[in-house]
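For what it's worth, my numbering labels the leading residue of the sequence shown as 38, then goes sequentially.
Built from N, CA and C at the ideal position, the CB exists for glycine as well.
Note that the structure is a prediction, hence the values are computed from the model and not measured.
Reading through the structure tokens given below for one structure.
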Amino acid sequence: MRNLILFILLLLPGCQASPEKQGTETDNETDSTWVAAPGIDSLPTPAEALPAPDQPDYDTARWTDLARLDTSIFIDMRYATTDNFVQEKMYECGRCILRPEAARAVAAAHRELQRQGLALKMLDCYRPHPIQWKLWEKVPDRRYVSDPRKGSMHNRGAAVDLTLADSTGRELPMGTPYDFFGPEAHPSYQALPDSVLANRALLRETMIRHGFRPIRTEWWHYSFGGKNYALSDMLWKCY
Ligand SMILES: [Zn+2]
């Protein structure tokens, strides 16, 4: 009898929500890697506590989880916390997913910095297109958020927001916090201590050497200059 009850329990549907497509009608690529975001009531998972799954849980021809490539890169995805400019958690959990070529280039830049006792710390990587819409709904201002109708390089998996850290993960001074909107964050801004200018220059030169392009307004943002990647709605799993 006990076995019968157990058998019936096993047949009952699970309490997990079934995968839902949260896409838009724009020109997103058709990804076969749709996964359900966990319920909104689930507890936040600190990025550093994420166990790497034995097997990649995404289409490896299209994506790479940076943590699988190099575990020594610091990952502090700010949109998985409330420590960001909208002060709201936008990702269920923090994973730095990128197009494979961009991920390999980041890892190569990190290895180069490691020889100087430094490291890269990732602040944002691929940003799913539905999250771009969520950001836009909060801040519909092109000065601060890319218009999701056009999409950004983050929505294509080909941009990174990052900073320099020492070997323990402590961030080097860069003159402004991440997502600071003002001239002080512009790479051309010079009224900063020499040490800050040197840190910005080291990050910029290293990233450019590995195929990334800076932008005019944010010292932390670099876009990968490789292929022209499509926008994507792929959502990563949380563990
Ligand atoms: Zn960015």
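The alpha helix (DSSP H) with residue 213 in it runs from where to where?
As a position in the sequence shown, residue 213 is number 176, starting the count at 1. From DSSP, residue 213 is part of no alpha helix (DSSP H); its letter is neither H nor E.
Let me see if you follow: with CB-CB separation under 7 angstroms, is residue 129 close to chain D or not?
No chain D is present in this structure, which holds just one protein chain.
query = With respect to the beta strand (DSSP E) encompassing residue 251, which residues constitute its N-terminal and C-terminal limits?
reply = By 1-based counting over the sequence shown, the position of residue 251 is 214. Note, residue 251: beta strand (DSSP E), 249-251.
For residue 143, does the three-state DSSP call read helix, strand or coil?
-> Translated into the one-based positions of the sequence shown, residue 143 becomes position 106. If DSSP states are grouped into helix, strand and coil, residue 143 belongs with the helices.
Cutoff 8 angstroms; reference residue 201; Cβ partners in own chain excluding five residues on either side
Start at 1 with the first residue of the sequence shown, and residue 201 comes out as number 164. Hits under 8 angstroms: 150, 155, 156, 157, 158, 208, 209, 211, 236, 239 and 240.
Got a sec: does ligand 1 put a non-hydrogen atom nearer than 6 angstroms to the Cβ of residue 147?
-> Sequence index remark: in the sequence shown, residue 147 carries index 110 (1-based). Placement of the Cβ of residue 147 at a distance of 6 angstroms or more from every heavy atom of ligand 1 is found.
Could you tell me whether the region 109-127 touches the region 142-149, where touching means 3 or more Cβ pairs closer than 8 angstroms? Yes, the region 109-127 touches the region 142-149.
So what's residue 150 in DSSP terms, helix, strand or just coil?
-> What you label residue 150 is simply residue 113 of the sequence shown in a count that begins at 1. Judged by DSSP in its simplified three-state form, residue 150 adopts helix.
### Segment contact, 8 angstroms Cβ cut-off, at least three pairs: the region 264-276 with the region 214-228
The region 264-276 makes no contact with the region 214-228, as fewer than three CB pairs between them are under 8 angstroms.
Express the C-alpha separation of residue 232 and residue 247 in angstroms, rounding to a whole number.
Translated into positions along the sequence shown, residue 247 becomes position 210. Translated into positions along the sequence shown, residue 232 becomes position 195. Rounded to the nearest angstrom, the two C-alpha atoms are 23 angstroms apart.
Beta-carbon within less than 8 angstroms of residue 141's beta-carbon, same chain only, minus the 5 sequence neighbours each way: which residues are those? Residue numbering aside, residue 141 sits at position 104 when the sequence shown is read from its first letter. The answer, listed in chain order, is 101 and 106.
**Message:** Please state the DSSP three-state secondary structure of residue 190.
**Reply:** The residue given as residue 190 occupies position 153 in the sequence shown. The answer is coil: DSSP assigns residue 190 none of H, G, I, E or B.
- Per-residue burial, residue 169 [other beta carbons within 10 Å of its own, 16 or more giving buried]: For the purposes of this step, residue 169 is identified with residue 132 of the sequence shown, where counting begins at 1. It counts as buried.
Quiz prompt | Beta-carbon proximity of residue 196 to residue 136, cut-off 7 angstroms | solution = Residue mapping note: residue 196 aligns to position 159 of the sequence shown, counting from 1. Residue mapping note: residue 136 aligns to position 99 of the sequence shown, counting from 1. No, the Cβ-Cβ distance between residue 196 and residue 136 is not below 7 angstroms.
*asked:* Please identify the residue among 163, 255 and 93 whose C-alpha is closest to the C-alpha of residue 221.
replied: Position 184 of the sequence shown, counted from the start, is the residue given in the question as residue 221. Considering only 163, 255 and 93, the residue with the shortest C-alpha distance to residue 221 is 255.
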